[in-house]
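Report on the structure given below.
Numbering (my numbering), first residue to last: 10 to 416.
Right under this line is the structure:
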């Protein structure tokens, strides 16, 4: 039988946070996984709280803490960890310090007779309420927003590589993004676009590669008539996905260009204002760098002009590889691509156009050149890059072809 001390009958709540980092708070007393570097101590404490509604056999705890059986005397090591946790609680004057973890008949468990408020449980409860479609949309949104606010980051990030943490971290992250997207759907109907923007700005910090959150953010900016911010964020996302993942944004992401264009409802008749909006507000020195979607449109325009005037335009491709012809590792590739872009822009004319085609390639449009001159330009870029950058195991190869006029 588990006994409860007279101290435990008080209503002093123990606040436990595990989303974004471990923290236990009672009144003004606080402990967190930043006060002690012993990984296994916080690993054990997190496990007991995460499964606090279960009685955990000693063997299961040992398997969770030492899955590779590295400890020679695991039962003793486990007992020592529990002892050290209790001492930390005592050192920080946490009430009921020695009764928080209970050992009973070969099992350990968290003492649920204590008044505990755990953020993961609150998070699940709020989402469950918000998912009830019979509730008014405004009330559902409030519950979703409360759940989203509780999610401060991944579940127990200091223990993110522990086998038992990985599925739980994935589970709570999945619930978080479900809350984000369900809330956004309701907020869109309520035309609360500023709130969608706020939610998505946090969501892309949680996971910068969650494309759907980026799309909602761009959409919210457009709906608030922040077209330039929307366009700037679109370019940021395209560059991020090229640079870090080596992929292009999805077709639906690229279609946001048309959404931004459609969102301009006002009629402007002053050409001076229009020219001011169109002008390039920076020193126009070297080649024009643009997003690949813009590059495609400009290519198609050049193809139309070439079919009418017979003007020669060449398409160049610069590819970065290692000495074996493979894509370099990410950190080296990122450095090489940044420096190569500087070399390209510094080696070309103002009328030349450059865009990033993939994680390791730039595509160029070179008008009014002969094929021989185009080859000289490509060789000059490679020569300047080699002279200015001494990056080991980096090669730049080139390809040049004439543009195909639209007949």
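Glycine is no exception: its CB is placed at the ideal position from the N, C-alpha and C atoms. In this text, all values refer to a predicted model and were calculated from it rather than measured experimentally.
With the cut-off set at 7 Å, would you say residue i and residue j are in Cβ contact?
i, j, result
"residue 60", "residue 42", "no"
"residue 181", "residue 205", "no"
"residue 128", "residue 159", "yes"
"residue 229", "residue 186", "no"
"residue 38", "residue 103", "yes"
"residue 348", "residue 398", "yes"
"residue 300", "residue 388", "no"
"residue 412", "residue 312", "yes"
"residue 91", "residue 110", "yes"
"residue 208", "residue 189", "yes"
"residue 256", "residue 223", "no"
"residue 89", "residue 74", "no"
"residue 297", "residue 375", "no"
"residue 390", "residue 330", "no"
"residue 239", "residue 227", "yes"
"residue 373", "residue 363", "yes"
"residue 146", "residue 195", "yes"
"residue 54", "residue 161", "no"
"residue 302", "residue 263", "yes"
Specify, as a first and last residue, the run of the beta strand (DSSP E) that residue i falls within.
i, result
"residue 410", "404 to 411"
"residue 427", "With the chain represented from 10 up to 416, any question about residue 427 goes unanswered, as that position is not in the structure."
"residue 299", "Per DSSP, residue 299 belongs to no beta strand (DSSP E) and is neither H nor E."
"residue 459", "Summary: the structure shown does not reach residue 459, with the chain confined to residues 10 through 416, and so no result is reported for it."
"residue 127", "125 to 127"
Between residue i and chain C, is any beta-carbon pair separated by less than 7 Å?
i, result
"residue 234", "Absent here is chain C; the protein component of the structure consists of one chain."
Considering just the uninterrupted stretch of the alpha helix (DSSP H) at residue i, what are its terminal residues?
i, result
"residue 236", "236 to 249"
"residue 231", "220 to 232"
"residue 52", "48 to 59"
"residue 97", "83 to 100"
"residue 157", "146 to 159"
"residue 197", "174 to 198"
"residue 207", "202 to 215"
"residue 262", "260 to 263"
What are the residues that DSSP puts in a beta bridge with residue i?
i, result
"residue 325", "373 and 409"
"residue 66", "116"
"residue 28", "164"
"residue 169", "Note: residue 169 sits in no beta bridge, so no partner."
"residue 35", "38"
"residue 390", "According to DSSP, which records beta bridges pairwise, residue 390 is partnered with nothing at all."
"residue 330", "404"
"residue 23", "125"
"residue 111", "118"
Assign residue i to buried or exposed, taking buried as 16 or more other Cβ atoms, counted over all protein chains shown, within 10 Å of its Cβ.
i, result
"residue 137", "exposed"
"residue 408", "exposed"
"residue 148", "exposed"
"residue 385", "exposed"
"residue 361", "buried"
"residue 432", "With the chain covering 10 to 416 only, the question about residue 432 has no answer from this structure."
"residue 134", "exposed"
"residue 291", "Here residue 291 scores only 49 on pLDDT, less than 50, and its place in the model should not be relied on; the value that follows carries that caveat. Flag for residue 291 reads exposed."
"residue 260", "exposed"
"residue 371", "buried"
"residue 251", "buried"
"residue 70", "buried"
"residue 325", "buried"
"residue 115", "exposed"
"residue 460", "Residue 460 is absent from the structure shown; the chain starts at 10 and stops at 416."
"residue 358", "exposed"
"residue 170", "exposed"
"residue 423", "An answer regarding residue 423 cannot be provided, because it is not within the stretch 10 to 416 covered by the chain."
"residue 56", "buried"
"residue 113", "exposed"
"residue 35", "buried"
"residue 405", "buried"
"residue 242", "buried"
"residue 174", "buried"
"residue 334", "exposed"
"residue 410", "exposed"
"residue 267", "exposed"
"residue 277", "Reliability fails at residue 277, whose pLDDT of 44 lies under 50, so the model's placement of it is uncertain and the value that follows must be treated cautiously. When all chains shown are included, residue 277 counts as exposed."
"residue 81", "exposed"
"residue 23", "buried"
"residue 94", "buried"
Beta carbon of residue i: closer than 6 Å to some heavy atom of the ligand NAD?
i, result
"residue 268", "This structure simply doesn't include the ligand NAD, nor any ligand for that matter."
In chain order, which continuous runs of the alpha helix (DSSP H) of length 4 or greater are located wholly inside the stretch 335 to 359?
339 to 356
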